[in-house]
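Residue numbers 23 to 463, in the working numbering, belong to the letters of the sequence shown in order.
Quick reminder that beta carbons are idealized off the backbone N, C-alpha and C, glycines included.
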Amino acid sequence: MAIDTLLTARWIIPVEPTGVILENHALAIAAGRIVDLLPAAEALAKYPDAGREEFPGHALIPGLINAHTHAAMTLLRGIADDRPLMEWLTDHIWPLEQKWVSEAFVRDGTDLALAEMLRGGITCFNDMYFFPEVTARQAVQCGMRAVVGMILLDFPSAWAATPEEYLSKGLALHDEWRNHPLIEVAFAPHAPYSVSDEPLLKVRTLAAELDRPIHMHLHETADELRQSRQHYGLRPIQRLKQLDLLGPNFVAVHMTQLEADDIAVVAELGAHVVHCPESNLKLASGFCPVAKLAEAGVNVAIGTDGAASNNDLDVMGEMRMAALLAKAVAGDASAVPAHAALRMATLNGAKALGLDGEIGSLEVGKAADIAAVYLDGIETQPLFDPISDLVYAASRHQITDVWVAGRRLLKNRAPTTLDTQEIRQKAAAWREKLLATAKAT
Ligand SMILES: CSC[C@H]1O[C@@H](n2cnc3c(O)ncnc32)[C@H](O)[C@@H]1O
Ligand SMILES: [Zn+2]
Numbered sequence: 023m024a025i026d027t028l029l030t031a032r033w034i035i036p037v038e039p040t041g042v043i044l045e046n047h048a049l050a051i052a053a054g055r056i057v058d059l060l061p062a063a064e065a066l067a068k069y070p071d072a073g074r075e076e077f078p079g080h081a082l083i084p085g086l087i088n089a090h091t092h093a094a095m096t097l098l099r100g101i102a103d104d105r106p107l108m109e110w111l112t113d114h115i116w117p118l119e120q121k122w123v124s125e126a127f128v129r130d131g132t133d134l135a136l137a138e139m140l141r142g143g144i145t146c147f148n149d150m151y152f153f154p155e156v157t158a159r160q161a162v163q164c165g166m167r168a169v170v171g172m173i174l175l176d177f178p179s180a181w182a183a184t185p186e187e188y189l190s191k192g193l194a195l196h197d198e199w200r201n202h203p204l205i206e207v208a209f210a211p212h213a214p215y216s217v218s219d220e221p222l223l224k225v226r227t228l229a230a231e232l233d234r235p236i237h238m239h240l241h242e243t244a245d246e247l248r249q250s251r252q253h254y255g256l257r258p259i260q261r262l263k264q265l266d267l268l269g270p271n272f273v274a275v276h277m278t279q280l281e282a283d284d285i286a287v288v289a290e291l292g293a294h295v296v297h298c299p300e301s302n303l304k305l306a307s308g309f310c311p312v313a314k315l316a317e318a319g320v321n322v323a324i325g326t327d328g329a330a331s332n333n334d335l336d337v338m339g340e341m342r343m344a345a346l347l348a349k350a351v352a353g354d355a356s357a358v359p360a361h362a363a364l365r366m367a368t369l370n371g372a373k374a375l376g377l378d379g380e381i382g383s384l385e386v387g388k389a390a391d392i393a394a395v396y397l398d399g400i401e402t403q404p405l406f407d408p409i410s411d412l413v414y415a416a417s418r419h420q421i422t423d424v425w426v427a428g429r430r431l432l433k434n435r436a437p438t439t440l441d442t443q444e445i446r447q448k449a450a451a452w453r454e455k456l457l458a459t460a461k462a463t
């Protein structure tokens, strides 16, 4: 078999099976896919003519999956810190977005996010933001994999004026990107407090017809629950259940303030949860009971949320935070061990997005979406267990190389398809424009 690239490494952590660490192994890649995973010595004999890349001090892991973000919000990083969600959103972020969000804003903000995410080992992101067609285009230009949201709000924005227009533009997006190898689309109604029943019912029907995920903020804060009780007499989860929205294609983001009944509903209906620990902490939103959800059989993935509420797009950081926070929330140091946190940041993300047949683990037949993490530095010595080091000791700065569909998008920490100098200049220009408005709000 003709092999394009043979990656040999000190460790390969395939994630499936859980907890396995392969020492001195190799991944053979052809036409963007993993075609073999075997001991390095055997690989060299079997594929003598393959282009070889050696990683003697690295672990190769599946590319990390950011299962919830608003990529272009990188341009709003640090503009409105230290406020609770509703004040942050309604008094600061939404006014700024109303004034500034445009195709150019989303293009430049997405490029900044792509560079940051690649340097953090992320190979796929699930996005919810205005001008999703621009996000998709920028991701493809860079070579990154993305799920872009057919967003939906009750109120107008620069992208659409009415719920009907959001949905028709979303469907056009679906048609435009159908069958693209790097892009998927998902319905992305913003939240229970910003989308009313009628458009949600349309989403339910369309999502079933088109077999698409539904990606939505849900149970983010206690305030959301209070509002829902006032307007609908129901907890948001109960309302969505009544609307028949919850099911195996539903991706619920945040999920704090959960009672036993809520967990039972989510588990029974097979919905997925995306845990965004740093955003939840920074906005003082609450705690997602990850250990209880996992115990109930719910698939829990990891997201960063946007860079305006985090303030970085660092899935390695979230993975560590998720593992630590789960122990404190459960009162149990054995909750979310390192291998489970790594799985949340990879295969569980793929599963939530309906992409686990394609990505999320290093298995023969899957796309070659891979990150190389340098573990031979002083920060991870002495090295007893590479998975422990990855989750509890390493940081995203140790990611050196990244491949998506076999294409090397990060080489020795430098993006190969993005002009980082230009990205920085554009971000600086946006800073000047935004600063004037931010001071006034
Ligand atoms: C419909 S485009 C996405 C919309 O969501 C806003 N947003 C960003 N972070 C959060 C969050 O944590 N909860 C709710 N909404 C959020 C973003 O600013 C866009 O307006
Ligand atoms: Zn969000």
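| query | If you compare alpha carbons, which of Arg159, Asn88, Thr132 and Val123 is closest to Asn148? | reply | Translated into positions along the sequence shown, residue 148 becomes position 126. The residue with the shortest Cα to Cα distance from Asn148 is Asn88.
| message | I need the boundaries of the beta strand (DSSP E) containing Thr27, first residue and last residue. | response | Here residue 27 corresponds to residue number 5 of the sequence shown, with the count starting at 1. Its beta strand (DSSP E) spans residues Thr27 to Ile34.
| Own chain residues within Cβ distance below 6 Å of Val156, not counting five before or after | For the purposes of this step, residue 156 is taken as the residue at position 134 of the sequence shown. Same-chain partners within the cutoff: Glu125, Val128 and Arg129.
| message | Would Ala360 and Ile400 qualify as a contact pair, given that the criterion is a beta-carbon distance under 8 Å? | response | For the purposes of this step, residue 360 is identified with residue 338 of the sequence shown, where counting begins at 1. For the purposes of this step, residue 400 is identified with residue 378 of the sequence shown, where counting begins at 1. The answer is no: Cβ separation not under 8 Å.
| query | From this set, Gln260, Ile285 and Gly85, which residue's C-alpha is nearest Leu377's C-alpha? | reply | In the sequence shown, counting from the first residue as 1, residue 377 sits at position 355. Per the Cα distances, Gly85.
| task | Locate the beta strand (DSSP E) running through Arg74, then write down its first and last residues. | result | What you label residue 74 is simply residue 52 of the sequence shown in a count that begins at 1. Here the beta strand (DSSP E) through Arg74 covers Gly73 to Pro84.
| field | Bridge partners - Trp425, DSSP secondary structure assignment | value | Translated into positions along the sequence shown, residue 425 becomes position 403. In DSSP, Trp425 forms a bridge with Ile392 and Arg430.
| request: Have a look at the DSSP bridge pairing and note the partners of Phe147. | output: Along the sequence shown, read from residue 1 onward, the residue named residue 147 stands at position 125. Bridge partners of Phe147: Asn88 and Ala168.
| If you scan the region 317-384 from start to end, which runs of the alpha helix (DSSP H) of 4 or more residues do you find wholly inside it? | 337-352, 360-366 and 369-374
| query | Beta carbon of Phe152: closer than 7 Å to some heavy atom of ligand 1? | reply | Along the sequence shown, one-based indexing puts residue 152 at 130. Yes, ligand 1 has a heavy atom inside 7 Å of this Cβ.
| said: At a cut-off of 7 Å, would you count Ile115 as near ligand 1, judging by its Cβ distance to the nearest heavy atom? | reply: Reading the sequence shown from its first residue, position 93 is the one you call residue 115. Correct: Ile115 has its Cβ closer than 7 Å to ligand 1.
| request: Check Pro221 in the structure and name its three-state DSSP category. | output: Locating residue 221 in the sequence shown gives position 199, where the first residue counts as 1. DSSP places Pro221 in helix when its eight states are reduced to three.
| Integer Cβ distance of Leu82 from Ala394, believed to fall under 8 Å | Within the sequence shown, numbered from 1, the residue matching residue 82 stands at position 60. Within the sequence shown, numbered from 1, the residue matching residue 394 stands at position 372. Leu82 to Ala394, Cβ: 6 Å. Contact.
| Sequence-distant residues of the same chain with beta carbon closer than 7 Å to Tyr254, five excluded per side | Stepping through the sequence shown from its first residue, residue 254 is reached at position 232. If we look at Tyr254 and ignore the five residues flanking it on each side, its Cβ neighbours are Arg261.
| query | What did DSSP end up calling Asn271 once you bin it into helix, strand or coil? | reply | Reading the sequence shown from its first residue, position 249 is the one you call residue 271. Coil, per DSSP.
| query | Whose C-alpha, out of Val351, Ala416 and Gly319, is nearest the C-alpha of Asn370? | reply | Counting from 1 along the sequence shown, the entry for residue 370 is found at position 348. The option with the nearest alpha carbon to Asn370 is Gly319.
| request: Take Arg200 as the anchor and find which of Thr227, Ala274, Ala158 and Pro211 has the nearest alpha-carbon. | output: Residue numbering aside, residue 200 sits at position 178 when the sequence shown is read from its first letter. Considering only alpha carbons, the answer is Ala158.
| task | For Phe5, name the three-state secondary structure that DSSP assigns. | result | Outside the displayed span of the chain (23 to 463) sits residue 5, for which this structure offers no information.
| request: On the DSSP bridge assignment, give the partners of Val287 in chain order. | output: Position 265 of the sequence shown holds residue 287. Answer by DSSP bridge pairing: none, since Val287 is not bridged.
| Once you ignore the five residues that flank Ala63 on each side, which residues in its own chain have a CB closer than 8 Å to its CB? | Taking the sequence shown and counting its residues from 1, one reaches residue 63 at position 41. Excluding residues within five positions, the ones whose Cβ falls inside 8 Å are Asn46.
| field | Inter-residue Cα distance where the pair is Val169 and Leu240 | value | Reading the sequence shown from its first residue, position 147 is the one you call residue 169. Reading the sequence shown from its first residue, position 218 is the one you call residue 240. Distance between the alpha carbons of Val169 and Leu240: 19 Å.
| query | Between the Cα of Met23 and the Cα atoms of Asp423, Asp71 and Thr40, which residue gives the shortest distance? | reply | For the purposes of this step, residue 23 is identified with residue 1 of the sequence shown, where counting begins at 1. Comparing Cα-Cα distances from Met23 to each of Asp423, Asp71 and Thr40, the minimum goes to Asp71.
| message | Measuring only from the beta carbon, is Gly328 closer than 7 Å to any heavy atom that is part of ligand 2? | response | Numbered from 1 along the sequence shown, position 306 holds the residue referred to as residue 328. Yes, the beta carbon of Gly328 sits closer than 7 Å to at least one heavy atom of ligand 2.
| task | May I have the straight-line CA-CA distance separating Ala344 from Ala293, to the nearest angstrom? | result | Locating residue 344 in the sequence shown gives position 322, counting from the first residue. Locating residue 293 in the sequence shown gives position 271, counting from the first residue. If you take the alpha carbons of Ala344 and Ala293, they lie about 19 Å apart.
| request: Please list, in chain order, all residues of the same chain as Leu440 whose beta carbon is under 7 Å from its beta carbon, the five residues on each side excluded. | output: The residue you call residue 440 lines up with position 418 of the sequence shown. Excluding residues within five positions, the ones whose Cβ falls inside 7 Å are Asp133, Leu136, Ala137 and Cys164.
| request: Please indicate yes or no: does the CB of Val123 lie closer than 7 Å to some heavy atom of ligand 2? | output: Here residue 123 is taken as the residue at index 101 of the sequence shown, counted from 1. Val123: no, Cβ never under 7 Å from ligand 2.
| field | Pairwise C-alpha distance: Gly143 and Leu175 | value | Taking the first residue of the sequence shown as 1, we reach residue 175 at position 153. Taking the first residue of the sequence shown as 1, we reach residue 143 at position 121. For Leu175 and Gly143, the distance between alpha carbons rounds to 32 Å.
| task | Tell me, please, which residues DSSP counts as bridged to Val156. | result | Taking the sequence shown and counting its residues from 1, one reaches residue 156 at position 134. For Val156, which the question treats as bridged, DSSP gives no partner whatsoever.
| Where the beta strand (DSSP E) through Arg55 begins and ends | Looking up residue 55 in the sequence shown gives position 33. Arg55 to Pro61 is the extent of the beta strand (DSSP E) around Arg55.
| query | Which residue from Trp122, Gly382, Thr442 and Phe153 puts its Cα closest to that of Glu454? | reply | By one-based count along the sequence shown, residue 454 stands at place 432. The residue with the shortest Cα to Cα distance from Glu454 is Trp122.
| message | Between which residues of its own chain and Pro154 is the CB-CB distance below 6 Å, once the five residues before and five after are set aside? | response | Residue 154 sits at position 132 when you count from the first residue of the sequence shown. For Pro154, where only same-chain residues beyond five positions count, the Cβ hits under 6 Å are Val170, Gly171 and Leu195.
| So, using beta-carbon positions, are Val273 and His297 closer together than 8 Å? | For the purposes of this step, residue 273 is identified with residue 251 of the sequence shown, where counting begins at 1. For the purposes of this step, residue 297 is identified with residue 275 of the sequence shown, where counting begins at 1. Against a cut-off of 8 Å, the Cβ pair of His297 and Val273 comes out as no contact.
| Is His297 near ligand 2, going by C-beta to nearest heavy atom under 7 Å? | Here residue 297 is taken as the residue at index 275 of the sequence shown, counted from 1. Answer for His297: no, Cβ out of range of ligand 2.
| query | Any heavy atom of ligand 1 within a distance shorter than 7 Å of the CB on Met95? | reply | Counting from one through the sequence shown, the residue named residue 95 turns up at place 73. Yes, Cβ of Met95 sits closer than 7 Å to a heavy atom of ligand 1.
| request: Could you have a look at Asn46 and say whether DSSP puts it in helix, strand or coil? | output: What you label residue 46 is simply residue 24 of the sequence shown in a count that begins at 1. Strand at Asn46.
| field | Whole-angstrom distance between Arg167 and Glu380, CA atom to CA atom | value | Position 358 of the sequence shown holds residue 380. Position 145 of the sequence shown holds residue 167. Their Cα atoms are separated by approximately 11 Å.
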